[in-house]
Structure formats: C-alpha cells, structure tokens
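Structure first, then comments.
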Amino acid sequence: MFGRRDLTRLALGAGAGMALSGAARAQGPWPDRSLRWVVGYGAGGASDIFARLIARQMGPALGQSIVVENRPGGGAIVATENVIRSPADGHTLLHTDNGILVYNPALYARLPFDPDRDLVNVGFIGRFPMLVLVRPESPFQDFAGLLAESKRRTVTYGTPAVASPHQLAMEVLKRHSGLDATHVPYRGMPAVLNDLVAGQVDCVVADITNGLPYLSTGRARGLVMMGDSRAAAAPSVPMAVELGYPRAVAYGWQGIAVATGTPAPVVERLNTLLRAAIESPEVSKQMKDIGAELVPRTPSGMAEYVQAENTVWRPLIRDLNIRLDG
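Put into structure tokens, the structure is as follows:
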C-alpha cells in the first residue's frame, strides 16, 4: 500500500527512542520468552515495516524481544491460521488489516477459520485515507468534472489489486455519487501511479502514503479524499462528505490481534504497550510524516470498529460478486 521510499524512511528511524517507561516492564509469568509477531506479507512491505518499527519500541518494555516473522501467501490466510493454531498465551501476535479481519470472509467461501470467532483484537496501529488522483494536465479540475464526464463515457480508474481497499473505496464512492467508472487492476501501487502519469487511465485510487509524494511534487492532483476529516498531510483535497456524499468514507488500516482464549490481562497489557509505542514522539512523527492517522483504540473499541467495518464492506463485496477462491 505504501511507497518504498517512505517505508525505508520509517525503517531507518525505527531504532530511535526505543525505551518506553520502566513502569511498563514485564512483571509476573508473562511473557516468559520472546514473542512472535506474524506478518502475512513479504519483507519490506508496509505491514512488515510497521511491525518492525513498533516491535522495537515494545520489546524493552516487555523485557523480551519481539521477533517479526513473515509468512506471506493467500491473502494472509497462511499467517492468520498460524496464529490461530498457536497457543493462546499472548506470545504470538498477528498483524491485521482490512483484508484479514473484514474482507476475507466475504472473498473466500472456504476459510479454514473464522476471524470473527478465532481472533481477539488487541489494538489499532493507524489508518490511511483513500483519495482519487488525476495527472496534472487532466481536464478534470474537480470531482464534479470527473462525475460529469462519466455521464458521457465510462471513465477508467486504476488500483493496485482486485478486492484491495482502493477498489472497494472507489466502489462505495460510485454507489453514493453516481460515478460510472471501470476498474483497471494492477499489481502493486507503483505500476498504478506510473500509468496514471503516462495517461493510461483517467484516474487512480491511492492511499495517502502513496499519493502524498505525487501531490507534493506536482505529479498528480487530488480530486477527492474519502476520509471523515481533511487529511493534515493534504489539507487542500476536499472530502467526499463535504461534496455531499456522507457515506463515501474509506480507509486502509492496520492493527494487532491474538488467538481467542488469550487471557484478558495479557490483551490489555499488549494494548497499553502498543499505544505507548505508537504515541511515542519518534514513531508518531514518522507515521504522521507519511500521512498515517493515529487513532488509539482499546481492545473493545477495536472490536467495535471492526464490526462496524464488517457491516459496510462485506455486503458490498458480496453485491459486487468478488470472489478469490473460484
């Protein structure tokens, strides 16, 4: 979801300010060994970088190291099953996102687990609003112009993948605005943005982290942001809710979960340490610099958030008849 340059910048700063308050250090029998933080995507990607950044902050406070373990494959299904089948003792964490907790049950008919039942949410890492970009010389000066053109012909929009938060964000915008646009899926965000600049698609949907470098250097213009408030990193881009589409709100987001059965005090302690790591000056600054929005949530607050997301996105996926397992 994120540009390699921004992720590298995050990774380089990950070691700064690692020590959290000594009052939060491990006490009692947990943890009695190092923790595993399982990421369902490859090394060097957004989830991997955020996991390593935060794990380095949390480790000293726990009194144990946190080893990030990449288990890519099948929409993070391999990683999810690995965590669910591990002992529910708080020593194995799952890096989660929209796809793992919300989309997969609607995209796959035969999951070997039920994330609603088999996972307990620990907390939230951050969210990343989606926005519609056009190239600088595009005739569309605003979203109204794009909408009007779509009444005369079907416009095209690019995203990094089928069933990505980017595609689903545009689909919800289409539903609520009347925009007629044909999806052109790519393999990854760099290819999407390259073809935008080359004029191969009318517009693209990008997360703020990938879109920001293009906005700040004039290689793209933002027509509309699908957040619930103007993004501090791109305050000039209007929100869909401001344009009269209050239900066109879409974010990519990440969090942490553990296997159901993990003791509640362990979940609460992990949440406390996660929030302290994210809110530390070093991590919060780096995340805000790339457009991430930090929204601390308790475990119960995270569970409520995921449930609210389920009510929006799972019916949409089923209505669109998007399936990834045939």
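Mapping of the sequence shown onto numbering that gives the first Met the number 0: residues 0 to 325, in sequence order. Note that the Cβ used here is the ideal one computed from N, Cα and C, for glycine as well.
Ranked by how close their Cα comes to the Cα of residue 183, the residues 193, 160, 168, 177 have 160 in first place. When the Cα atoms are used, residue 96 and residue 195 turn out to be separated by approximately 26 Å. With fewer than 16 other beta carbons inside 10 angstroms of its own, residue 113 counts as exposed. Closest by C-alpha distance to residue 188, out of 273, 127, 150, 157, is 157. Closest by C-alpha distance to residue 198, out of 148, 135, 73, 295, is 135. With fewer than three CB-CB distances shorter than 8 Å, the segment 47–64 does not count as touching the segment 126–140. Less than 8 Å separates the beta-carbon of residue 304 from that of residue 296. For residue 79, no beta strand (DSSP E) encloses it; the enclosing alpha helix (DSSP H) starts and ends at 76–83. Only residues of its own chain outside the window of five on either side were considered, and among them 130, 132 have a CB closer than 6 Å to the CB of residue 210, listed in chain order.
Residue 119 and residue 126 have their C-alpha atoms spaced approximately 19 Å apart.
Burial of residue 270 is indicated by the presence of at least 16 other C-beta atoms within 10 angstroms of its C-beta. Counting the other Cβ atoms within 10 Å of the Cβ of residue 31 gives fewer than 16, which makes it exposed. For residue 103, no pairing in a beta bridge is given by DSSP.
Fully enclosed alpha helix (DSSP H) runs of no fewer than 4 residues occupy 207–215 of the segment 195–247, in order along the chain. A residue is called buried once 16 or more other Cβ atoms fall within 10 Å of its Cβ, and residue 193, having fewer, is exposed. Looking from the CA of residue 257, the closest CA among 148, 80, 313, 71 belongs to 80.
Here residue 91 has 35, 82, 85 as same chain residues with Cβ atoms under 6 Å from its own Cβ, once five neighbours each way along the sequence are excluded. The shortest C-alpha to C-alpha distance from residue 171 to any of 306, 252, 49, 246 is the one to 246. Following the DSSP letters along the chain, one finds residue 319 inside the alpha helix (DSSP H) bounded by residues 298–319.
Taking the CA atoms as reference points, residue 294 sits about 8 Å from residue 124. Between the C-alpha atoms of residue 141 and residue 204 there is a straight-line separation of about 15 Å.
Sorting 108, 89, 180, 163 by C-alpha distance to the C-alpha of residue 29 places 89 at the top.
Taking the CA atoms as reference points, residue 217 sits about 21 Å from residue 143. Nearest to residue 225 by alpha-carbon distance, out of 212, 213, 243, 219, is 243. In the three-state scheme derived from DSSP, where H, G and I count as helix and E and B as strand, residue 49 is classed as helix.
Boundaries for residue 285: no beta strand (DSSP E) harbours it, while the alpha helix (DSSP H) harbouring it runs 280–288, taken from the DSSP string. About 6 Å separates the Cβ atoms of residue 106 and residue 162, confirming a contact at the 8 Å cut-off. Rounded to whole angstroms, the Cβ separation of residue 39 and residue 75 is 3 Å, and the two are in contact under 8 Å. Around the beta carbon of residue 176, a 10 Å sphere encloses 16 or more other beta carbons of the protein chains shown; the residue is thus reported as buried.
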